[in-house]
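Asker: Mind having a look at this structure? Questions to follow.
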Amino acid sequence: MSSPFLVSCLPGLLRQRLGRAASFTDLAMVREPLGQAAQWQVPPALYLDEEDLRRPVSAGEFFPLALEYQRIRGGTLDMPAPVRVEVENVHLVGGALLSRGRLRRLVARRPPLWRWGGVPELAQAALVADRQSCTFFGHWMLDECSLTEALATWLPTWPGLSVGAGSSDHQRQYLALFGQAPQRLEDAFIRRLSLVLPWGPHPLKAQALDRLRQRLRAAVGGASGGPRGVFLMRGHSGRQRLLRHEEALARALGDHGLQVVDPLGMDAAALARICASARLVVGVEGSHLTHALMALPAGATLLTLQPPFKFDNTLKAYCDLLGLRYAFTVGQACPGGFEIEIDRVRRLIDRLEP
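Quick look at the structure:
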């Protein structure tokens, strides 16, 4: 069904610019806790020596460096219960949610100031996307796909609503392997929109991620015949943090017994099949490592190679949820990127291997 509307995002954008924007979820007509708050004891990250703790100088654009050190220390993790909220009469305008002057942006680009014309009208929908999942492949798979999985149980009659899902070959392939088909829209009018906030670390998320992992591993034949160790190349993909000697490191790790894989040259099923039997996956920190996270067996290890100017341990929380060990080592800045001593990587691998 198509509904004609004249909608303006201008008031919401102005409120955000002036710092007067109220929360979009303040409009909720329904608030429903899903589960209970929980506490987990999470293990510390693994690393080679104190040099890995001295080298980081920045965590990048999203989080303070102090938070990254907190992540790698482990300890008690407080996990608030996710809450389902329901908002009525919501416009989706160029990837932004708008209702009664409140604006919630889901994509990086600014929404149009005006929209006029017919758009699809939905009686109800469950939002599975957020700003991070619309920007980063890793958050799309680990957050959006896991929420889609959970909502299939919580709200089985509500269609999932995504913004940008399925925009790459790998995303389309994973949706097929997971058996998911959320609607993908950037403009719509939704009579009743359901959101889940927060969708962070929680036993319910761990359960959803594990169901996806088991489904993926079953689809590619489980853990038979593949390598015990994998080096996932990053190259120039994603946001730039170029490992200057990645090819030399790949050759050295290949000689060390790891299979070297370029994710850009393989489909999702082939990547999952290779990682399904591995006990160790190594790669530059980034979303491409998500290919491994969703295929590795519980108890396996993810080793991230970190630039000192972007020390980012976001993936540790997901390793904790999936029962994986998380390790890192930090390189040194050099013109055009960073470099890591090959010997340090080999020594850490030898320590991590059972």
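No gaps in the numbering here: position 198 of the sequence shown is 198 in UniProt numbering, and each next residue is one more. We put the CB at the ideal spot given by N, CA and C, even for glycine. Remember, it's a predicted structure, so these values are computed and weren't measured experimentally.
1. Checking the sheet assignment: what are the DSSP bridge partners for residue 359?
2. Name, in chain order, the residues that DSSP records as bridge partners for Leu197.
3. Specify, as a first and last residue, the run of the alpha helix (DSSP H) that Arg105 falls within.
4. For the region 278 to 293 and the region 128 to 142, state whether three or more C-beta atom pairs, one from each stretch, are separated by less than 8 angstroms.
5. Looking at the unbroken alpha helix (DSSP H) that takes in Gln70, where does it start and where does it end?
6. Arg110: buried (16+ other C-beta within 10 angstroms of its C-beta) or exposed?
7. With DSSP as the reference, label Glu149 as helix, strand or coil.
8. Run through DSSP, which three-state label would Ser162 get?
9. Any idea what DSSP makes of Gly338, helix, strand or coil?
10. Assess contact between the region 87 to 106 and the region 200 to 217, defined as three or more Cβ pairs (one per stretch) separated by less than 8 angstroms. Is contact present?
11. Do Tyr47 and Ala327 count as a contact pair if the criterion is CB distance below 9 angstroms?
12. Kindly give me the distance between the Cβ atoms of Arg347 and Ala278, rounded to whole angstroms, as I take these residues to be in contact under 8 angstroms.
13. Would Val30 and Glu86 qualify as a contact pair, given that the criterion is a beta-carbon distance under 9 angstroms?
14. From Pro112 to Leu197, what does the alpha carbon distance come to, in whole angstroms?
15. Classify Gly118 as buried or exposed, calling it buried when 16 or more other Cβ atoms lie within 10 Å of its own Cβ.
16. Could you tell me whether the Cβ atoms of Phe189 and Leu122 are closer together than 9 angstroms?
17. Could you tell me the boundaries of the beta strand (DSSP E) in which Ala96 lies?
18. Between Pro297, Leu243 and Ala270, which lies nearest to Gly337 when the distance is taken from Cα to Cα?
19. Which residue or residues does DSSP assign as beta-bridge partners of Ala298?
20. Applying the criterion that 16 or more other CB atoms from any shown protein chain within 10 Å of the CB defines a buried residue, is Ser146 buried or exposed?
21. Within the continuous beta strand (DSSP E) that includes Glu32, where are the two ends?
22. On the three-state DSSP scale, how would you describe Leu321?
23. Following the continuous alpha helix (DSSP H) through Gly254, name the residue where it begins and the one where it ends.
24. Indicate whether the contact test is met: 3 or more Cβ pairs, each with one atom in the region 145 to 161 and one in the region 126 to 136, closer than 8 angstroms.
25. Which first and last residues belong to the alpha helix (DSSP H) in which Leu177 is found?
26. Quick check on the DSSP output: the beta strand (DSSP E) that includes Leu155 runs from which residue to which?
Answerer: Reading off the structure:
1. For the chain, the structure presents residues 1 to 354; residue 359 sits outside this window and is missing.
2. Taking the first residue of the sequence shown as position 1, residue 197 is located at position 197. Note: Leu197 sits in a beta bridge opposite Val83.
3. As a position in the sequence shown, residue 105 is number 105, starting the count at 1. Boundaries around Arg105 are those of the beta strand (DSSP E), Arg102 to Arg105, since no alpha helix (DSSP H) includes it.
4. yes
5. By 1-based counting over the sequence shown, the position of residue 70 is 70. Leu65 to Arg73 is the span of the alpha helix (DSSP H), which, as asked, contains Gln70.
6. In the sequence shown, residue 110 corresponds to position 110, counting from 1. It is exposed - the Cβ of Arg110 has fewer than 16 other Cβ atoms within 10 Å.
7. Here the question's residue 149 lines up with position 149 in the sequence shown. Three-state result, Glu149: helix.
8. In the sequence shown, the residue the question calls residue 162 occupies position 162. Note: Ser162 maps to strand in three-state DSSP.
9. The residue you call residue 338 lines up with position 338 of the sequence shown. Before going further, note that residue 338 is Phe rather than Gly in the sequence given. In this structure, Phe338 counts as strand in the three-state DSSP scheme.
10. no
11. For the purposes of this step, residue 327 is taken as residue 327 along the sequence shown, with counting starting at 1. For the purposes of this step, residue 47 is taken as residue 47 along the sequence shown, with counting starting at 1. Yes, they are a contact pair.
12. The residue you call residue 347 lines up with position 347 of the sequence shown. The residue you call residue 278 lines up with position 278 of the sequence shown. Not quite, the Cβ-Cβ distance comes to about 20 angstroms (not below 8 angstroms), so this is no contact.
13. For the purposes of this step, residue 30 is taken as residue 30 along the sequence shown, with counting starting at 1. For the purposes of this step, residue 86 is taken as residue 86 along the sequence shown, with counting starting at 1. Closer than 9 angstroms, so yes.
14. Your numbering for residue 112 matches position 112 in the sequence shown. Your numbering for residue 197 matches position 197 in the sequence shown. Straight-line Cα distance between these residues: approximately 26 angstroms.
15. Counting from 1 along the sequence shown, the entry for residue 118 is found at position 118. With fewer than 16 other Cβ atoms within 10 Å, it is exposed.
16. Reading the sequence shown from its first residue, position 189 is the one you call residue 189. Reading the sequence shown from its first residue, position 122 is the one you call residue 122. Contact flag set, yes.
17. Counting from one through the sequence shown, the residue named residue 96 turns up at place 96. Run containing Ala96: Ala96 to Ser99, per the beta strand (DSSP E) assignment.
18. The residue given as residue 337 occupies position 337 in the sequence shown. If we check each option's Cα against that of Gly337, Leu243 comes out closest.
19. If you number the sequence shown from 1, residue 298 lands on position 298. Answer is none; Ala298 lacks a bridge partner.
20. Here residue 146 refers to the residue found at position 146 of the sequence shown. Around the Cβ of Ser146, a 10 Å sphere holds 16 or more other Cβ atoms; the residue is buried.
21. As a position in the sequence shown, residue 32 is number 32, starting the count at 1. First-last of the beta strand (DSSP E) with Glu32: Val30 to Pro33.
22. Here residue 321 is taken as the residue at index 321 of the sequence shown, counted from 1. Three-state DSSP puts Leu321 in a helix.
23. For the purposes of this step, residue 254 is taken as the residue at position 254 of the sequence shown. Glu246 to Asp255 is the extent of the alpha helix (DSSP H) around Gly254.
24. Segments in contact, yes.
25. Locating residue 177 in the sequence shown gives position 177, counting from the first residue. Where Leu177 is concerned, the enclosing alpha helix (DSSP H) stretches over Asp169 to Phe178.
26. Against the sequence shown, residue 155 aligns to sequence position 155. Per DSSP, Leu155 belongs to no beta strand (DSSP E) and is neither H nor E.
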